[in-house]
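Participant: In my numbering, the protein residues as written are 2 to 438.
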Ligand SMILES: Cc1ncc(COP(=O)(O)O)c(C=O)c1O
């Protein structure tokens, strides 16, 4: 498409069936994603229908987004009802739906006094946490303070904004974007000793994911939580959790860190938490909570977002979170996790090393060496995770790669027994075929 004058003025309004989605994507959409060659046109619960009419069992949920599956009744109703009433209202004014949602976060999810900010994505929520940590230190220690460093973990993922890539502990997201935002230090995940060595008077905050998602489904250990909390008290820094992927019910509790620490004898509470992804079930929304004692750091004029916390977004989030609360969805997460674990424990494949994770954020870890003997793998030039995700998709099951060797299952939190059984059967058959059986 080289001559813009050749584009008819009305083209945007038409859906020209003679042009394939693949062609349109190639011609007009920025090529910043590596995409699987498929387009979906309809979804219902845990199922998606592709343009060619084929049905897929979706255990990716838009990468942990569609908490109640595709187009759940409660979301459709909230969109229609609130959409007809008031869609957008500036943050120049009070917004009742925002206040109600903030109350739900404070009283039902966190069960701790605090204040909530709403935005539009996970990266934005984390940018807010970074600003909070710096501003809180500035307020407390004065304008000349050098207490502005945020410590994060290796293999972490915190988003694609300039703040997000600076905070992310993976080189690949930073390449080519220098100069990066300064003031970040990455320490090995689950290494309390190195964390202690990294902290000093310049540390404003420690930020980590209780369960790393993009980094390969790695769960923080109680020892790591405990050391981070001790350092918080010793060095007067903020302990902040990125629950963008593992929060809002995905682990079987409102708070991922509480699920992880359950029964460990360690109890740690953060000073601030970020959410996005499943928070509004697929309506774009991010948010963060900050404990009351630090909330004043972000006073009037310090932070904001035009679209953050619109009546529509908040009404949809309230409907989704309310359904999770009322419909026994958190208990379902735990029950389906044990059903999956029980089934997979009986599997015996050399290419499958381990099943790890928490709740319905599960990672099948592939054995790189054993993958070497899978027919077609070496010639494919793909990573083990992408190769297996492709094979599962061809069999009708959608999953997500995490790093080079982990295949993630992120089904809707209200997934049924029958859907879990079908996914287990499909994935077992895929691994059997790849194993030459
Ligand atoms: C833990 C975590 N934090 C932040 C983000 C960024 O969220 P978003 O893509 O909504 O900006 C992600 C996205 O995958 C994530 O998994």
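Every residue gets a Cβ at the ideal spot worked out from N, C-alpha and C, and that includes glycine.
Since the structure is predicted, the reported quantities are computational estimates derived from the model, not experimental observations.
If you draw a straight line from the C-alpha of residue 415 to the C-alpha of residue 339, how long is it?
Facilitator: Counting from 1 along the chain shown, the entry for residue 415 is found at position 414. Counting from 1 along the chain shown, the entry for residue 339 is found at position 338. Rounded to whole angstroms, residue 415 to residue 339 spans 14 Å at the Cα level.
Participant: Rounded to whole angstroms, what's the CA-CA distance from residue 344 to residue 353? Just pull it up for me.
Facilitator: Locating residue 344 in the chain shown gives position 343, counting from the first residue. Locating residue 353 in the chain shown gives position 352, counting from the first residue. Taking the straight line joining both Cα atoms gives about 14 Å.
Participant: Is residue 261 near ligand 1, going by C-beta to nearest heavy atom under 7 Å?
Facilitator: Within the chain shown, numbered from 1, the residue matching residue 261 stands at position 260. Result no, Cβ not under 7 Å from ligand 1.
Participant: Are the segment 133 to 146 and the segment 330 to 337 in contact at 8 Å, needing three or more beta carbon pairs?
Facilitator: Output reads no: the segment 330 to 337 does not touch the segment 133 to 146.
Participant: What is the DSSP secondary structure of residue 391, reduced to helix, strand or coil?
Facilitator: Counted from its first residue, the chain shown places residue 391 at position 390. Note: residue 391 maps to helix in three-state DSSP.
Participant: Where does residue 147 sit, in a helix, a strand or coil, going by DSSP?
Facilitator: Against the chain shown, residue 147 aligns to sequence position 146. Three-state result, residue 147: coil.
Participant: Identify, in the order they occur along the chain, each residue of the same chain with its Cβ nearer than 6 Å to the Cβ of residue 21, setting aside the five sequence neighbours on each side.
Facilitator: The residue you call residue 21 lines up with position 20 of the chain shown. Nothing meets the Cβ criterion.
Participant: Give me the Cα-Cα distance between residue 373 and residue 379, rounded to the nearest whole angstrom.
Facilitator: Stepping through the chain shown from its first residue, residue 373 is reached at position 372. Stepping through the chain shown from its first residue, residue 379 is reached at position 378. One C-alpha to the other measures close to 6 Å.
Participant: May I have a chain-ordered list of the beta strand (DSSP E) segments no shorter than 3 residues that lie completely inside the segment 333 to 386?
Facilitator: For the segment 333 to 386, whole beta strand (DSSP E) runs of length 3 or above, ordered along the chain, are 353 to 359, 362 to 367.
Participant: Run the proximity test for residue 36: is its beta-carbon closer than 7 Å to any non-hydrogen atom belonging to ligand 1?
Facilitator: Position 35 of the chain shown, counted from the first residue, corresponds to residue 36. Result no, Cβ not under 7 Å from ligand 1.
Participant: In three-state DSSP terms, what is residue 2?
Facilitator: Taking the first residue of the chain shown as 1, we reach residue 2 at position 1. Residue placement at residue 2 cannot be trusted, given a pLDDT of 42 that sits under 50; the coordinates are not used to answer.
Participant: Hey, is the segment 47 to 64 in contact with the segment 294 to 304, meaning 3+ C-beta pairs nearer than 8 Å?
Facilitator: Judged by Cβ distances under 8 Å, the segment 47 to 64 makes no contact with the segment 294 to 304, as fewer than three pairs qualify.
Participant: Checking 8 Å against the spacing of the C-beta atoms, do residue 413 and residue 72 come in under that value?
Facilitator: As a working note, residue 413 is residue 412 in the chain shown. As a working note, residue 72 is residue 71 in the chain shown. Contact flag unset, no.
Participant: Looking at the unbroken alpha helix (DSSP H) that takes in residue 193, where does it start and where does it end?
Facilitator: For this step, residue 193 is matched to residue 192 along the chain shown. Note, residue 193: alpha helix (DSSP H), 193 to 199.
Participant: Just curious, the beta strand (DSSP E) that residue 221 is in, first and last residue?
Facilitator: Within the chain shown, the letter at position 220 stands for residue 221. Per DSSP, residue 221 belongs to no beta strand (DSSP E) and is neither H nor E.
Participant: On a Cα-Cα basis, can you pick out the residue from 163, 336, 132, 118 that is closest to residue 150?
Facilitator: Within the chain shown, numbered from 1, the residue matching residue 150 stands at position 149. For the residues 163, 336, 132, 118, the minimum Cα distance to residue 150 belongs to 132.
Participant: From residue 66 to residue 288, what distance separates their C-alpha atoms?
Facilitator: Residue numbering aside, residue 66 sits at position 65 when the chain shown is read from its first letter. Residue numbering aside, residue 288 sits at position 287 when the chain shown is read from its first letter. The straight-line gap from Cα to Cα measures roughly 14 Å.
Participant: Rounded to a whole number of angstroms, what is the C-alpha to C-alpha distance between residue 2 and residue 113?
Facilitator: On the chain shown, position 1 is the one that residue 2 refers to. On the chain shown, position 112 is the one that residue 113 refers to. Unreliable placement is indicated for residue 2, whose pLDDT of 42 sits below 50; no coordinate value is reported for it.
Participant: Which residues does DSSP pair with residue 273 in a beta bridge?
Facilitator: On the chain shown, residue 273 is found 272 positions in, with the first residue counted as 1. For residue 273, which the question treats as bridged, DSSP gives the partners 241, 291.
Participant: Does the distance from the CB of residue 218 to the CB of residue 30 come in under 8 Å?
Facilitator: Mapped onto the chain shown, residue 218 falls at position 217. Mapped onto the chain shown, residue 30 falls at position 29. Taking 8 Å as the Cβ cut-off, residue 218 and residue 30 do not qualify as a contacting pair.
Participant: How long is the line joining the alpha carbons of residue 418 and residue 295, rounded to whole angstroms?
Facilitator: Locating residue 418 in the chain shown gives position 417, counting from the first residue. Locating residue 295 in the chain shown gives position 294, counting from the first residue. For residue 418 and residue 295, the distance between alpha carbons rounds to 43 Å.
Participant: Below 8 Å CB to CB, which residues in the same chain sit around residue 203 once its five sequence neighbours on both sides are set aside?
Facilitator: Residue mapping note: residue 203 aligns to position 202 of the chain shown, counting from 1. 147, 148, 149, 150.
Participant: Quick check on DSSP: helix, strand or coil for residue 246?
Facilitator: Taking the first residue of the chain shown as 1, we reach residue 246 at position 245. Note: residue 246 maps to coil in three-state DSSP.
Participant: Tell me which residues share the same chain as residue 128 and place their Cβ nearer than 6 Å to its Cβ, disregarding the 5 neighbours each side in the sequence.
Facilitator: Along the chain shown, read from residue 1 onward, the residue named residue 128 stands at position 127. For residue 128, where only same-chain residues beyond five positions count, the Cβ hits under 6 Å are 162, 164.
Participant: Can you check whether the CB of residue 258 is closer than 8 Å to the CB of residue 111?
Facilitator: The residue labelled residue 111 in the question sits at position 110 within the chain shown. The residue labelled residue 258 in the question sits at position 257 within the chain shown. No.
Participant: Going by Cα to Cα distance, which pick from 87, 47, 24 is closest to residue 38?
Facilitator: Residue mapping note: residue 38 aligns to position 37 of the chain shown, counting from 1. The shortest C-alpha separation from residue 38 is found at 24.
Participant: Measuring from the CB of residue 124, is there a heavy atom of ligand 1 at a distance below 7 Å?
Facilitator: On the chain shown, position 123 is the one that residue 124 refers to. At least one heavy atom of ligand 1 is nearer than 7 Å to the Cβ of residue 124, so yes.
Participant: Which residue marks the beginning of the alpha helix (DSSP H) containing residue 29, and which one marks its end?
Facilitator: Taking the first residue of the chain shown as 1, we reach residue 29 at position 28. First-last of the alpha helix (DSSP H) with residue 29: 22 to 29.
Participant: How would you call residue 370, buried or exposed, if buried means at least 16 neighbouring beta carbons within 10 angstroms?
Facilitator: Locating residue 370 in the chain shown gives position 369, where the first residue counts as 1. Exposed: under 16 other Cβ atoms inside 10 Å.
Participant: Helix, strand or coil for residue 116 per DSSP?
Facilitator: Within the chain shown, the letter at position 115 stands for residue 116. Residue 116: strand per DSSP, three-state reduction.
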